[in-house]
Amino acid sequence: MSLSGANKDGGELRIHESLDELRTDLADYIAELSEVSVKERGVFAIALSGGSLIGLMGKLCEAPYNKTVDWAKWYIFWVDERVVAKNHAESNYKLAKDGLLSKALRKHNRNLS
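In terms of our numbering, the sequence shown opens at residue 256 and continues consecutively.
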């Protein structure tokens, strides 16, 4: 069960009891934003900062999200201050490719380079 409420800046604060609950809430939120954006604009754009965010987004590759998220309409941007080779252990590109995007794009027979 997550708790939610507004803070003084008008943003929303959510407190989750478990990491799995956080993953599910994040997947619900991103899937909803993606669906609305694709309906309104034909595409969905997201900027990935790396770190734990990419790992938390892995739930999007599982049911029911893997049947509803239209990955072919996603534009993904990288926002990270580190510059390392794509195959480096600390590369957010590698983390996203291995843990999220390769699974998501397999459904569409697309590759990530």
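The beta-carbon is built from N, C-alpha and C at its ideal position, and this holds for glycine as well.
Please read these numbers as outputs of a predicted model, since none were measured by experiment.
Cα-Cα separation between residue i and residue j, rounded to whole angstroms
{"i": "A359", "j": "D264", "result": "35 angstroms"}
{"i": "S368", "j": "V338", "result": "Reliability fails at S368, whose pLDDT of 49 lies under 50, so the model's placement of it is uncertain and the value that follows must be treated cautiously. Looking at the two C-alpha atoms, the distance is approximately 17 angstroms."}
{"i": "N366", "j": "T323", "result": "For N366, the pLDDT reaches just 49, beneath the cut-off of 50, and the residue's location in the model is therefore unreliable, although a value from the coordinates is still provided. If you take the alpha carbons of N366 and T323, they lie about 20 angstroms apart."}
{"i": "E336", "j": "D353", "result": "20 angstroms"}
{"i": "L311", "j": "K328", "result": "21 angstroms"}
{"i": "Y284", "j": "L268", "result": "14 angstroms"}
Local Cβ density within 10 Å of residue i, reported as buried at 16 or more and exposed below that
{"i": "K314", "result": "buried"}
{"i": "A351", "result": "buried"}
Bounding residues of the alpha helix (DSSP H) (the contiguous stretch that carries residue i)
{"i": "R278", "result": "L274 to R296"}
Assumed close pair residue i, residue j - CB separation to whole angstroms, cut-off 8 angstroms
{"i": "Y330", "j": "V298", "result": "6 angstroms"}
{"i": "F332", "j": "A300", "result": "7 angstroms"}
* Asked: On the three-pair Cβ rule with 8 angstroms, is the segment 305-314 touching the segment 341-361?
  -> Taking a cut-off of 8 angstroms for Cβ pairs, the segment 305-314 and the segment 341-361 touch, as three or more such pairs fall below it.
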